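Protein chains: 2
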Amino acid sequence: MLKLDQTDKELLTLLQNDSKQTNKELSNKLNLSVTAVYERVKKLEKEGVVKRYVALLNRKQIEKNFMAHCHVRLTQHSKEFVVKFEREIIKLEEVLECYHVSGDYDYILKVLVKDMEAYRDFMVTKLTAIPNIGNTHSIFVIDEVKHTTSINI
Amino acid sequence: MLKLDQTDKELLTLLQNDSKQTNKELSNKLNLSVTAVYERVKKLEKEGVVKRYVALLNRKQIEKNFMAHCHVRLTQHSKEFVVKFEREIIKLEEVLECYHVSGDYDYILKVLVKDMEAYRDFMVTKLTAIPNIGNTHSIFVIDEVKHTTSINI
DNA sequence: TATTTAATAGAAAATAAAACTATAAATTAG
DNA sequence: CTAATTTATAGTTTTATTTTCTATTAAATA
Chain A
1 MLKLDQTDKE LLTLLQNDSK QTNKELSNKL NLSVTAVYER VKKLEKEGVV
51 KRYVALLNRK QIEKNFMAHC HVRLTQHSKE FVVKFEREII KLEEVLECYH
101 VSGDYDYILK VLVKDMEAYR DFMVTKLTAI PNIGNTHSIF VIDEVKHTTS
151 INI
Chain W
1 MLKLDQTDKE LLTLLQNDSK QTNKELSNKL NLSVTAVYER VKKLEKEGVV
51 KRYVALLNRK QIEKNFMAHC HVRLTQHSKE FVVKFEREII KLEEVLECYH
101 VSGDYDYILK VLVKDMEAYR DFMVTKLTAI PNIGNTHSIF VIDEVKHTTS
151 INI
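Protein chains in written order, with the UniProt record's numbering: chain A, 1 to 153; chain W, 1 to 153.
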């Protein structure tokens, strides 16, 4: 695993907030040459510390303004059934995140759709169409208070 | 609100998956000229459909390999107390996401830290240091099955 | 002490973004 | 219905950025 020095960490913080900055801008902020920044970025990409660069969209402007957390319990927990469930859940475009978790339920899904009607549709025709689903429990998002992809290093 | 045509939607999908593609690459995939792509991207940025461009990191490589969902109930729900809680929760670097939600609890926090010890520390010295917190209930992530920032348009 | 390695800087070359000009199709106004 | 305007596009030129190459310095190693 790559050892990160303070400059790497600062660089990663900058890139997490705005990946469209030029190397020149970054070099000014970090007091480095353009080449030094370039080499560091390439190294961080090559080592997999930087996974990818993406555009983040405004959910409201693309008509996806309804979010829910859906807790799911399976009926069977043998490896075969778990693998099958996970393979199916990954395919569902409405599911942005899926975690295998501790506690009362087996999985938590973060689901994003247009509205409640679309959520009902998702539950009835997509989620519960997957075999092996026992119980589900939906929690609806009233307001997004904080949402960042930037990890403090 | 900007009306998106099919080309805009395809462009947004491409940018959500890889924002480092050149306009030339995008123009090939969309069967457009470089200028046409350039103009569309600028329009989408200006209208706020594209919120920002960010680098996504590999959590494991930066020693943040412990995630939990923390459900929080407040003791008081008047506007004054809610605002105060939200203002404090936003400041906490370990909290990547915070949602005001329906159901038994008032908020769900997505918390990312190094390990269980760091989580305990977060709970004891940061979260419960905020006044007005009643109950909390932590759900630990055993495995991340799916995680995308890309919204299907 | 000599040699290698790692990190950096500066210059040059290659590439891409941005700005500009022009054209055609669609929309609007008279 | 026709002229004017707007919108979306393409091609060209200019500007800026990325990438490569060469060189230097400091630290680590033999």
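Idealized CB from N, CA, C, for every residue including glycine.
The structure displayed is predicted, hence computed values, not measured ones.
I'd like to know whether the C-beta of residue i is nearer than 9 Å to at least one C-beta of chain W.
i: Gln76 (chain A); result: no
i: Lys51 (chain A); result: yes
i: Asn23 (chain A); result: no
i: Phe140 (chain A); result: yes
i: Val124 (chain A); result: no
i: Gly134 (chain A); result: no
i: Glu117 (chain A); result: no
i: Glu10 (chain A); result: no
i: Asp121 (chain A); result: no
i: Lys84 (chain A); result: no
i: Val95 (chain A); result: yes
i: Arg73 (chain A); result: no
Examine chain A for any beta-carbon lying closer than 9 Å to the beta-carbon of residue i, and answer yes or no.
i: Asp5 (chain W); result: no
i: Ala129 (chain W); result: no
i: Tyr38 (chain W); result: no
i: Ala55 (chain W); result: yes
i: Tyr107 (chain W); result: yes
i: Ile89 (chain W); result: yes
i: Cys70 (chain W); result: no
i: Leu30 (chain W); result: no
i: Asp143 (chain W); result: yes
i: Lys79 (chain W); result: no
i: Val101 (chain W); result: yes
i: Val34 (chain W); result: no
i: Lys42 (chain W); result: no
i: Lys20 (chain W); result: yes
i: Leu26 (chain W); result: no
i: Asn65 (chain W); result: no
i: Lys46 (chain W); result: no
Enumerate in chain order the residues of its own chain whose CB-to-CB distance from residue i is below 8 Å, with the five nearest sequence positions on each side excluded.
i: Lys126 (chain A); result: Leu92 and Glu94
i: Glu88 (chain W); result: Ile130
i: Ile90 (chain A); result: Cys98
i: Ile153 (chain A); result: Leu4, Lys9, Leu12 and Thr13
i: Glu144 (chain W); result: Met67
Among residues of its own chain, excluding the 5 on either side of residue i, which ones have a beta-carbon nearer than 7 Å to its beta-carbon?
i: Phe85 (chain W); result: Leu74, Ile130 and Asn132
i: Lys24 (chain A); result: Val34
i: Asn135 (chain W); result: Arg73
i: Glu47 (chain W); result: Leu2
i: Leu26 (chain W); result: Leu11, Leu14 and Val37
i: Lys64 (chain W); result: Leu112, Val113 and Lys114
i: Met116 (chain W); result: Phe66
i: Gln21 (chain W); result: Leu14
i: His100 (chain W); result: Asp106 and Tyr107
i: Ser150 (chain A); result: Gln16 and Asn17
In the DSSP assignment, what residue or residues form a beta bridge with residue i?
i: Val50 (chain A); result: W:Leu57
i: Glu144 (chain W); result: A:Tyr99
i: Thr136 (chain W); result: W:Val72
i: Leu109 (chain A); result: A:Cys70 and A:Cys98
Return the chain-ordered list of same chain residues with a C-beta closer than 6 Å to the C-beta of residue i, the five sequence neighbours on each side being excluded.
i: Glu97 (chain A); result: Lys110
i: His71 (chain W); result: Tyr105, Ile108 and His137
i: Phe140 (chain W); result: Ala68
i: Gln61 (chain A); result: none
Checklist entry - Is the number of C-beta pairs between the segment 3-19 of chain A and the segment 52-62 of chain W that are closer than 8 Å three or more? => result yes
Checklist entry - How do the segment 70-80 of chain A and the segment 122-137 of chain W stand: do at least 3 beta-carbon pairs fall below 8 Å, yes or no? => result no
Item to check | Three or more C-beta pairs below 8 Å linking the segment 24-37 of chain A and the segment 5-12 of chain A | outcome: yes
Checklist entry - Where in the segment 63-95 of chain W do unbroken runs of the beta strand (DSSP E), each at least 3 residues long, occur, reported from the N-terminal end onward? => result 66-74
Checklist entry - Which full runs of the alpha helix (DSSP H) of 4+ residues lie inside the segment 2-47 of chain W, going along the chain? => result 6-17, 23-30 and 34-46
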